[in-house]
Amino acid sequence: MRREEPAPVPVATPVRWWRLRPWSRNHLMRPSDRIEATLMLLTAAVILLLIPVAAAFGTATHTRLEQQTQALRADMHQVPAVLLEDTYLAPDTPEYTIRPAGSQHTARARWTTPGGERTAAVPTDTPAQAGQTITISVDADGNLTGPIPDSRENTVLAATAASGVWALTAGTLLLSTALAHRLFTRNRLRRWAQEWKQFDIPPT
730 MRREEPAPVP
740 VATPVRWWRL
750 RPWSRNHLMR
760 PSDRIEATLM
770 LLTAAVILLL
780 IPVAAAFGTA
790 THTRLEQQTQ
800 ALRADMHQVP
810 AVLLEDTYLA
820 PDTPEYTIRP
830 AGSQHTARAR
840 WTTPGGERTA
850 AVPTDTPAQA
860 GQTITISVDA
870 DGNLTGPIPD
880 SRENTVLAAT
890 AASGVWALTA
900 GTLLLSTALA
910 HRLFTRNRLR
920 RWAQEWKQFD
930 IPPT
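Under my numbering, the first residue of the sequence shown carries the number 730, and numbering increases by one thereafter.
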């Protein structure tokens, strides 16, 4: 009766990667194997180092957005405006881009600026009739301004920018490393095939 050979014991992934370390004393490792292992190790190190870099980029972005918000708030002031028509829901046209189309009441209004009177479509929180006076926000030149982003919106935007920078850079590195791994594997298989052919050559 033939004895069955024991099934091979699976090797855990961390152990397998540790055996492929560049400084391994395994004589079966080719120079190309050590180069590939070094490349993967450097890729992992760079991806980890990119985390604080992306965090610093996000912090700088948040600081810049907060400064812009403060400048907008300092430049904005409120003035009275007289409605020239009854309010209606804002249509989907470029003229009404300050508020979402179809969700805010809008009407044309006139207000006074240091450079003269201005007329434009303005949003209102509630329905209103022609002749009513409402309060609108304008900049130093008297131009109608839209809603100013708050600190929460700036934080979300900065975190998204930081995550995007890290993901884009890390993805590029991983893609390049995967391509290099594929090239190393093809070269390794080609050399193995050549060496196996040498065993098929009959001795002279």
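For every residue, glycine included, the Cβ atom is placed at its ideal position computed from N, Cα and C.
Note that the coordinates shown come from a computational prediction; the quantities given were computed from them, not determined experimentally.
For residue j and residue i, the rounded distance between their alpha carbons
| i | j | result |
| --- | --- | --- |
| L904 | R763 | 20 Å |
| N883 | A869 | 23 Å |
| Q858 | T848 | 16 Å |
| S880 | A838 | 30 Å |
| I865 | V775 | 51 Å |
| Q927 | A896 | 46 Å |
| G844 | P809 | 16 Å |
| Q683 | S892 | The displayed coordinates of the chain run from 730 to 933. Any statement about residue 683 would go beyond what the structure contains. |
| T921 | T906 | According to the sequence as given, residue 921 is Trp; it is not Thr. Those two C-alpha atoms are separated by around 22 Å. |
| H791 | G860 | 42 Å |
| L777 | L794 | 27 Å |
| A890 | R919 | 43 Å |
| V801 | F913 | Checking the sequence shown, residue 801 turns out to be Leu, not Val. Each residue's Cα considered, the two are about 55 Å apart. |
| W925 | P781 | 48 Å |
| R915 | Q923 | 12 Å |
Beta strand (DSSP E) segment containing residue i, residue limits
| i | result |
| --- | --- |
| R839 | H834 to T842 |
| P848 | According to the sequence provided, residue 848 is Thr. The question's Pro does not apply to it. G845 to T853 is the extent of the beta strand (DSSP E) around T848. |
| P809 | H806 to L812 |
| T862 | T862 to V867 |
Chain-order list of residues whose beta-carbon lies under 6 Å from that of residue i (same chain, five-residue window excluded)
| i | result |
| --- | --- |
| P829 | Note that P829 scores 46 on pLDDT, short of 50, meaning its location in the model is unreliable and no value can be drawn from it. |
| V894 | A783 and F786 |
Contacts around residue i, its chain only, beta-carbon distance under 8 Å, and the 5 residues preceding and following it disregarded
| i | result |
| --- | --- |
| A909 | E765 and L768 |
| H834 | T816, Y817, L818, A819, P852, T853, D854, T855, P856 and A857 |
| A836 | L812, L813, E814, D815, T816, Y817, A850, V851, T853, A857 and A859 |
| E846 | R839 and W840 |
Sub-9 Å separation of residue i and residue j beta-carbons
| i | j | result |
| --- | --- | --- |
| T874 | M805 | yes |
| V867 | Q807 | yes |
| L886 | P878 | yes |
| L779 | A899 | yes |
| R759 | R917 | yes |
| T901 | G871 | no |
Close beta carbons around residue i, own chain, < 7 Å, minus the five adjacent residues each side
| i | result |
| --- | --- |
| A773 | none |
| T788 | none |
Secondary structure of residue i, DSSP reduced to three states
| i | result |
| --- | --- |
| N916 | helix |
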